[in-house]
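The sequence shown lines up with residues 1 to 789 when you count with the UniProt record's numbering.
Glycine is no exception: its CB is placed at the ideal position from the N, C-alpha and C atoms.
First comes the structure, then the notes that go with it.
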Amino acid sequence: MSRPPHNYERVYSGGEMDPHSRNPRATPPQYAASHHPSYLRPGDAQQMKVLKCPDSSMTYTNLLAVSDRDFDRTVRFVVVDGQYIFNVKPVPGLDAGQIGPTYIQRVWGQFSINKDVLVEAMSDSVVDARSNVFLSRMEVEVSFLKPAQERSLAVDAEEISQLLKGSFANQLFCQGQPFVFDYRGNNLKGAVTSLAAVPLNVLQDTKPGSNVSGSGTLPGESSAQYGVLFSVTAIAVSKAPGSLIDIKGSAASRKANTIIQPDFKFEDLGIGGLDTEFSNIFRRAFASRIFPPDLVDKLGIQHVKGILLYGPPGTGKTLMARQIGKMLNSVDPLIVSGPEILNKFVGQSEENVRKLFEPAEKEYRERGEESQLHIIILDELDAICKQRGSRSDSTGVGDSVVNQLLAKMDGVDQLNNILIIGMTNRKELIDDALLRPGRLEVQIEVGLPDESGRLQIIKIHTAKIRENKIIADDVDLAELAALTKNYSGAEIAGLVKSASSFAFNRHIKVDSVAELTQDISDMKILREDFLSALEEVKPAFGIASEEFEQCTTNGIIEFAPSVRELMQKAHLFVEQVQQSSRSPLVSLLLHGPSGSGKTALAATIAQRNSYPFVKLVSPESMIGLTESQRVSAITKIFNDSYKSPLSLIVVDDIERLLEWVPIGARFSNSVLQTLLVLIKKQPPKGRRLLVIGTTSEREVLAQMDMATAFSNEIYVENIGTLSAMQAVVQHADLFDEQSDYDRLFADLEAYLENRPFSIGIKKLLLLVETARQDPDKYSRFKNEICNAY
Numbered sequence: 001m002s003r004p005p006h007n008y009e010r011v012y013s014g015g016e017m018d019p020h021s022r023n024p025r026a027t028p029p030q031y032a033a034s035h036h037p038s039y040l041r042p043g044d045a046q047q048m049k050v051l052k053c054p055d056s057s058m059t060y061t062n063l064l065a066v067s068d069r070d071f072d073r074t075v076r077f078v079v080v081d082g083q084y085i086f087n088v089k090p091v092p093g094l095d096a097g098q099i100g101p102t103y104i105q106r107v108w109g110q111f112s113i114n115k116d117v118l119v120e121a122m123s124d125s126v127v128d129a130r131s132n133v134f135l136s137r138m139e140v141e142v143s144f145l146k147p148a149q150e151r152s153l154a155v156d157a158e159e160i161s162q163l164l165k166g167s168f169a170n171q172l173f174c175q176g177q178p179f180v181f182d183y184r185g186n187n188l189k190g191a192v193t194s195l196a197a198v199p200l201n202v203l204q205d206t207k208p209g210s211n212v213s214g215s216g217t218l219p220g221e222s223s224a225q226y227g228v229l230f231s232v233t234a235i236a237v238s239k240a241p242g243s244l245i246d247i248k249g250s251a252a253s254r255k256a257n258t259i260i261q262p263d264f265k266f267e268d269l270g271i272g273g274l275d276t277e278f279s280n281i282f283r284r285a286f287a288s289r290i291f292p293p294d295l296v297d298k299l300g301i302q303h304v305k306g307i308l309l310y311g312p313p314g315t316g317k318t319l320m321a322r323q324i325g326k327m328l329n330s331v332d333p334l335i336v337s338g339p340e341i342l343n344k345f346v347g348q349s350e351e352n353v354r355k356l357f358e359p360a361e362k363e364y365r366e367r368g369e370e371s372q373l374h375i376i377i378l379d380e381l382d383a384i385c386k387q388r389g390s391r392s393d394s395t396g397v398g399d400s401v402v403n404q405l406l407a408k409m410d411g412v413d414q415l416n417n418i419l420i421i422g423m424t425n426r427k428e429l430i431d432d433a434l435l436r437p438g439r440l441e442v443q444i445e446v447g448l449p450d451e452s453g454r455l456q457i458i459k460i461h462t463a464k465i466r467e468n469k470i471i472a473d474d475v476d477l478a479e480l481a482a483l484t485k486n487y488s489g490a491e492i493a494g495l496v497k498s499a500s501s502f503a504f505n506r507h508i509k510v511d512s513v514a515e516l517t518q519d520i521s522d523m524k525i526l527r528e529d530f531l532s533a534l535e536e537v538k539p540a541f542g543i544a545s546e547e548f549e550q551c552t553t554n555g556i557i558e559f560a561p562s563v564r565e566l567m568q569k570a571h572l573f574v575e576q577v578q579q580s581s582r583s584p585l586v587s588l589l590l591h592g593p594s595g596s597g598k599t600a601l602a603a604t605i606a607q608r609n610s611y612p613f614v615k616l617v618s619p620e621s622m623i624g625l626t627e628s629q630r631v632s633a634i635t636k637i638f639n640d641s642y643k644s645p646l647s648l649i650v651v652d653d654i655e656r657l658l659e660w661v662p663i664g665a666r667f668s669n670s671v672l673q674t675l676l677v678l679i680k681k682q683p684p685k686g687r688r689l690l691v692i693g694t695t696s697e698r699e700v701l702a703q704m705d706m707a708t709a710f711s712n713e714i715y716v717e718n719i720g721t722l723s724a725m726q727a728v729v730q731h732a733d734l735f736d737e738q739s740d741y742d743r744l745f746a747d748l749e750a751y752l753e754n755r756p757f758s759i760g761i762k763k764l765l766l767l768v769e770t771a772r773q774d775p776d777k778y779s780r781f782k783n784e785i786c787n788a789y
């Protein structure tokens, strides 16, 4: 507090001052005529002794008791020890040369009883209309007078503001000055934290009762060390740090919270394809925090405290959670991986959970609803929050960690300044209690990006090479977005790295891996580099192309019109799932004799459609797995299919998956029940699924009620005519000359006359390849067919 100047011209004689008066300068009286010769004049200073205040009621007046022998009633302000300004009241209970500050005034000025201090009379010219000492705004922190009195108390900021203006009108307040006032029978202490002042003529133009601080900065307004309080002064009331008082409707709370950084741009996050997810998160978790706390309180709602981001690996969950901190005007997010919380010592894991919440709890106790938002990001949440009772260990640590987290998020002492963001790939493992409203109530699925989202991601990961013009002109980013179906964001990033490696490789000398060619300055990433990368980087949730290619080594041979009709009928089911909004789930069972080409037919259907997710469930992939592992593997494939908008699953050789054997009619009931449930289970909203099953034991599946689980059936028959057999053999190019085919099948026709035969196309093609190895292909193939029938 700086010392005020001496010897101001006297312009005001005291009494009530009205800033709206057009003539605030009252005619000054003759100073010498109205003052006792022994009174201190403005600018005079004298050593005085500090005593206790003779009148305890003055505690609530913010006035300093002085002797009526030292000052007359025209002196309104004094400066003690050159830095503490007080409003004074002459009282008869003090002798000349004595002052009686109240307890809180003695604490503020550090005045000891019987201590001598320098007291100087201050001229009223400090409130000259030309001076910036008329308060336009004053910020006050409120608490209980004594810490022992602290308790929960809801107070209205506007009511306190009016109370202070009524009790301390026309008094001068200083920066940091404490004062005491009574609020509904409670002894409260106020502390001035900030002051803004303007000249009186500016304050005169302000309407009484208006919120000066809410209307922007007034002309000539500046921060001040002291100033006079008037009826138009805007008083912003807040709670003091550590106080349990709850301020309702403060001037600060009436403004919109600037929780979002003012210069924030979504493109700065470096996240693509997640516009919808960000929109949902903002609406659910942050929109309510922008509105004034008093308005939210009137609605009777609490802010969202938890968000769960779930979805396949690599889709941007962790990146999204980390980048949220950049868009928010909050405390830096606390990022913790789930396994980091676990500790081998008893009780330490629970202590680690409590430590996460300590900063938020401390600030909430001090500032209440005005505290900043604290964000805790829990990655790999399923590591610590599995279903209680599901763990096989006997320590109970996992359950205790879940209980501790539940208690902190939604326990007795609820925090409203915290936001938990959890991330997991396995939502089904999370304890149900964490997912209810009040905890991780906002659950956002971060799925695989669509084509527009993939284009955004590709633009982000190629921004540098495009900026530096290292990418060739023949690279079409839109084409890459169309070719990367079911690629996650991480896989697209890997695709760009792979394409770059092909470009690097072109500029390495053939005979050395450590030497570069001379034209590296002209290096470009070409379209062919990206096409090569597409062959190298495969999506985890894409098409199992290699498995299906093995199933269709010879392709589909249309040896009869029935084959074309069968393919057309199957294609109708593919289009039904793709186009019909009323049948998101279609299942098709291909049954027929062993070797009739059911697997090849199903694989061809899978390869010829444009579904982004196509997987094969085959007995070969289940070799060596236990029954429970088979169930888990099958369930995982179906669950993965639900993450793609359009999926196809081929369940091949169902009887082998069920481990069915005719001796004793044994089979795996767990696998059977799993397939029965999953084949008939409707996919989530917005998802579509086609299931194609193959079996050579349709009667067996009928006994197990498996055949009825499929909504459609197609019978795939064996080859039963010589013309069909000839079409297959000719397609396989067994002979070079047409005459050999004519002679062979003329002999077979004579041999098989009136003899019915049926041969699977798989076996027929095997016989063709066997005959091809013999020098006498004609005789070998003829003998094989004749011996079989």
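- Judged by DSSP in its simplified three-state form, F86 adopts strand.
- For L145, no pairing in a beta bridge is given by DSSP.
- In the three-state DSSP reduction, V401 falls in the helix class (H, G or I).
- Counting only residues of its own chain and dropping the five nearest sequence neighbours on each side, V728 has a CB closer than 8 Å to the CB of I557, F559, I719, I761, L764, L765, V768.
- Scanning its chain for C-beta atoms nearer than 6 Å, with the 5 sequence neighbours on each side dropped, one finds around A606 the residues F548, V614, L648, V650, in chain order.
- Just so you know, the alpha carbons of Q773 and S618 end up roughly 31 Å apart.
- For F77, the beta-bridge partners assigned by DSSP are N87, M122.
- Ranking S562, P662, R687, H374 by CA distance to the CA of Y715 puts S562 first.
- Between the alpha carbons of P684 and S632 lies a distance of about 20 Å.
- The straight-line gap separating the alpha-carbon atoms of L566 and S610 is approximately 19 Å.
- Between V401 and I341, the C-beta spacing is below 8 Å.
- Secondary structure of S581 (DSSP, three-state): coil.
- Look at the beta carbons and you see the segment 85-93 touching the segment 53-65: at least three pairs across the two are nearer than 8 Å.
- Under the three-state reduction of DSSP output, H374 falls in the strand class.
- When DSSP states are grouped into helix, strand and coil, R388 belongs to the coil group.
- A check of alpha carbon separations from T553 across A732, S349, L135 identifies A732 as the nearest.
- Taking a 10 Å sphere around the C-beta of T318, we find 16 or more other C-beta atoms and assign the residue as buried.
- Shortest Cα-Cα distance from D95 to any of M48, A533, Q443, A121 involves M48.
- The DSSP-derived three-state label of R666 is strand.
- Excluding sequence positions up to five before and after M622, its CB lies within less than 6 Å of the CB of R630, all in the same chain and listed in chain order.
- For T695, the uninterrupted beta strand (DSSP E) segment begins and ends at 688-695.
- In the three-state DSSP reduction, D116 falls in the strand class (E or B).
- Across the set E445, R439, G438, V475, the C-alpha of V475 shows the shortest separation from the C-alpha of L455.
- Sequence-distant partners of G242 (beyond 5 residues in either direction) whose C-beta falls short of 6 Å from its own C-beta, in its chain, are E366.
- Residue ranges of uninterrupted beta strand (DSSP E) with 3 or more members, entirely inside the segment 289-315 and ordered along the chain, are 306-310.
- With respect to the 8 Å criterion, H591 and E749 are not classified as neighbours on the basis of their beta carbons.
- For G166, the enclosing alpha helix (DSSP H) starts and ends at 157-167.
- DSSP links N718 through a beta bridge to no other residue.
- Distance between V661 and A602, taken at the CA atoms: about 24 Å.
- Taking C-beta atoms as the reference points, I245 and V346 fail to come closer than 8 Å.
- CA-to-CA, the gap between C786 and S594 works out to about 20 Å.
- Per DSSP, reduced to three states, the secondary structure at T61 is coil, with no helix or strand assignment.
- With fewer than 16 other Cβ atoms inside 10 Å of its own Cβ, T770 counts as exposed.
- The three-state secondary structure of P241, taken from DSSP, is coil.
- I470 places its beta carbon less than 8 Å from that of I525.
- DSSP lists V617, G693 as the beta-bridge partner residues of V651.
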